[in-house]
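Read in order, the letters of the sequence shown correspond to residues -16 to 290 in this note's numbering.
For reference, the structure is listed below as structure tokens.
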Amino acid sequence: MNLRQIRYFLKVAELGNFTRAAEVLNVAQPALSRQIRLLEEDLGEALFIRSGTGVSLTDAGKLLQENATSVVNQFDKLRDVVVDQTAPRGHLTVGLPPALGQFVSLELIDEYCRRYPDVHLHVREGISIDIIGDVQQSKLDCAVVVLDDTPGVEAEYLFKEALFLVAPASAGLSITKPVSLREAENKPLILTNRMNNFRVAIEDAFEQSNIPMRILADSNSTRMISGLVARGTAYSVLPYCAIHGDLRRGEISASPIEHLYVDWAFIRPASGALATPSALFRQLLVDIVRRKIENGTWSSAVLAEIR
-16 MNLRQIRYFL KVAELGNFTR AAEVLNVAQP ALSRQIRLLE EDLGEALFIR SGTGVSLTDA
44 GKLLQENATS VVNQFDKLRD VVVDQTAPRG HLTVGLPPAL GQFVSLELID EYCRRYPDVH
104 LHVREGISID IIGDVQQSKL DCAVVVLDDT PGVEAEYLFK EALFLVAPAS AGLSITKPVS
164 LREAENKPLI LTNRMNNFRV AIEDAFEQSN IPMRILADSN STRMISGLVA RGTAYSVLPY
224 CAIHGDLRRG EISASPIEHL YVDWAFIRPA SGALATPSAL FRQLLVDIVR RKIENGTWSS
284 AVLAEIR
């Protein structure tokens, strides 16, 4: 078994057809078929079910595909580990939550692409559970999420951020005047759904304070939630990074909730070294957060002591 055979196998499995796979790989079909046959002989298992219309995976083939994908990804990243940090190149696939969107992510992506044009950046936006799962499976090189105790990832705490009670503009809340969690009692709430770590932190806080929650609805879209709050549908609890634009436009009002924070972390697969493109992405994120804290645009965040 060798890496070339594994790459060939994965491409045939992806396309379901030897002819198309040979064209994409730029190899002769007989040569491709021979390498797959040698791989099957080496493993002692048939990997494909052949038919007139193409191929499908056997159970052994499915198992190999599941495990080989992360192995090949890790191998491809070895070059990045030793590349000169002044001129990184290659590919970087990152996961970012919607909450960071307009406030952090746009600036982060724009500046990264300008500084490191030889790195092909792939950005995937999603909720916590999906992003963490993709990092565990090495489908993402790194990500930024609300910290929890998820196994299978290497996590580094970067900064904490206050959660805000978010209300219609007419409620007159102020970002300079903190409120207690009790202020949310009996208020109709629209929250992120339970697959989002914001929701976990919020529910834990309400439960520990013995405050009942009146939840009207939930959504995985922070933009939709803040829009519904602006319409007067309900209140919410969100971080400043998710609502700063609506606050600036005067569409909502908000106050930080006393003693209620979430911890943001940089995560990556537990196996393998931190490749240069990922390390530079992490450092740029820290620099942007520090800049926003120091210039007063993100006063509700506190940066960790980054080594």
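Using N, Cα and C, we set each Cβ at its ideal position, and we do this for glycine too.
Among the options, whose alpha-carbon lies nearest the alpha-carbon of residue i?
i           : options            : result
residue 267 : 127, 150, 94       : 94
residue 181 : 126, -4, 111, 166  : 111
residue 35  : 19, 53, -1         : -1
residue 262 : 75, -13, 158, 53   : 75
residue 178 : 98, 274, 131       : 131
residue 265 : 255, 250, 274      : 250
residue 229 : 158, 272, 1, 165   : 158
residue 202 : 271, 232, 168, 109 : 109
residue 204 : 227, 255, 84       : 84
residue 255 : -8, 102, 119, 97   : 119
residue 39  : 277, 1, 101        : 1
residue 258 : 277, 102, 51, 11   : 102
residue 51  : 206, 278, 277, -14 : -14
How long is the line joining the alpha carbons of residue i and residue j, rounded to whole angstroms?
i           : j           : result
residue 107 : residue 77  : 6 Å
residue 140 : residue 22  : 43 Å
residue 176 : residue 81  : 13 Å
residue 183 : residue 163 : 18 Å
residue -10 : residue 121 : 16 Å
residue 16  : residue 54  : 22 Å
residue 211 : residue 239 : 19 Å
residue 195 : residue 188 : 11 Å
residue 105 : residue 92  : 10 Å
residue 191 : residue 73  : 47 Å
residue 27  : residue 41  : 13 Å
residue 280 : residue 10  : 55 Å
residue 206 : residue 231 : 14 Å
residue -8  : residue 166 : 59 Å
residue 96  : residue 193 : 47 Å
residue 46  : residue 275 : 46 Å
Taking C-beta to C-beta, are residue i and residue j nearer than 7 Å?
i           : j           : result
residue 223 : residue 147 : yes
residue 185 : residue 208 : no
residue 287 : residue 138 : no
residue 253 : residue 135 : yes
residue 236 : residue 156 : yes
residue 57  : residue -4  : no
residue 260 : residue 71  : yes
residue 221 : residue 285 : no
If I measure Cβ to Cβ from residue i and keep anything under 6 Å in the same chain, skipping five residues before and after, which residues do I get?
i           : result
residue 114 : 78, 126, 128
residue 123 : 76, 78, 117
residue 99  : 71
residue 160 : 238
residue 37  : -1, 0
residue 227 : 86
residue 133 : 115
residue -12 : 18, 22
residue 33  : none
Please work out which residues of its chain come closer than 8 Å, Cβ to Cβ, to residue i, disregarding the five sequence neighbours upstream and downstream, and give them in chain order.
i           : result
residue 199 : 171, 172, 173, 216, 217
residue 273 : 286
residue 277 : none
residue 271 : 87, 90, 91, 94
Grab me the residues of residue i's own chain with a C-beta within less than 7 Å of its C-beta, minus the 5 sequence neighbours each way, in chain order.
i           : result
residue 234 : 152, 213
residue 44  : -4, 30, 31
residue 25  : -16
residue 328 : Nothing about residue 328 can be read from this structure; the chain reaches only from -16 to 290.
residue 169 : 197
residue 154 : 236
Self-check item: At least 3 beta-carbon pairs within less than 8 Å: the segment 139 to 156 vs the segment 239 to 259
Solution: Output reads yes: the segment 239 to 259 touches the segment 139 to 156.
Quiz prompt | At least 3 beta-carbon pairs within less than 8 Å: the segment 81 to 90 vs the segment 11 to 30 | solution = Because the criterion of three Cβ pairs below 8 Å is not met, the segment 81 to 90 and the segment 11 to 30 do not touch.
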